[in-house]
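Undergrad:
In this note's numbering, the protein residues as written are 263 to 320.
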């Protein structure tokens with residue numbers, strides 16, 4: 263599964279934080295120190311409350 267390019271473009275317009283789509287970042291964030299692992303489609307690191315709100319709204 264991949265993220266639709268239109269979604270990424272819209273998120274980049276609204277988001278001032280860091281958006282990571284590379285494999286290394288996705289693998290790094292795929293586990294929480296438990297035995298479970300699920301690779302995310304991407305990683306969004308908000309800089310502020312507005313970034314978080316924008317990501318959730320989309």
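For glycine and all other residues, C-beta sits at the position ideal for the given N, C-alpha and C. The model shown is predicted, which means the values in this text are computed figures rather than measured ones.
If you draw a straight line from the alpha carbon of residue 271 to that of residue 300, how long is it in whole angstroms?
TA: Straight-line Cα distance between these residues: approximately 24 Å.
Undergrad: The ligand COA and residue 276: does any heavy atom of the ligand fall closer than 8 Å to the residue's C-beta?
TA: Ligands in the displayed structure: none, and consequently the ligand COA is not present.
Undergrad: Which residues in the same chain have their Cβ closer than 6 Å to the Cβ of residue 276, if we skip the five residues on either side of it in sequence?
TA: Answer for residue 276: 316, listed in chain order.
Undergrad: Only counting the same chain, and skipping five residues up and downstream in sequence, which positions put a Cβ closer than 6 Å to that of residue 265?
TA: Closer than 6 Å at the Cβ level, and outside the excluded window around residue 265, lie 303, 304.
Undergrad: For residue 299, write down the residues that DSSP places opposite it in a beta bridge.
TA: Paired residue(s): 293.
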